[in-house]
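Below is one structure, written out as structure tokens; comments come after it.
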Amino acid sequence: MLLTCLVREIRLKLTDNDYLGFLSIATADQLTVEEKLKQIINYHLIVYRNKQKLKNERLM
Numbered sequence: 074m075l076l077t078c079l080v081r082e083i084r085l086k087l088t089d090n091d092y093l094g095f096l097s098i099a100t101a102d103q104l105t106v107e108e109k110l111k112q113i114i115n116y117h118l119i120v121y122r123n124k125q126k127l128k129n130e131r132l133m
């Protein structure tokens, strides 16, 4: 069985100040900007999915 993995690309327009601010946050965590964005997205996905689970459990 061959699994294919689709990769999505997200492009953001940031001001220089916003980018440099985010870069300093990522660097403080010893991450690249891309790694920090992935970390934030994964965190929000976990929170969203947990909220959905709680919502579904309450309906039962």
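Following the numbering used here, the numbering of the sequence shown begins with 74 at its first residue and continues without gaps.
Glycine included, C-beta positions come from ideal geometry on N, C-alpha and C.
I need the DSSP call for residue i, collapsed to helix, strand or coil.
{"i": "Leu118", "result": "helix"}
{"i": "Thr100", "result": "helix"}
{"i": "Leu127", "result": "helix"}
{"i": "Lys109", "result": "helix"}
Going by beta-carbon coordinates alone, are residue i and residue j separated by less than 9 Å?
{"i": "Val106", "j": "Leu96", "result": "yes"}
{"i": "Ala99", "j": "Lys86", "result": "no"}
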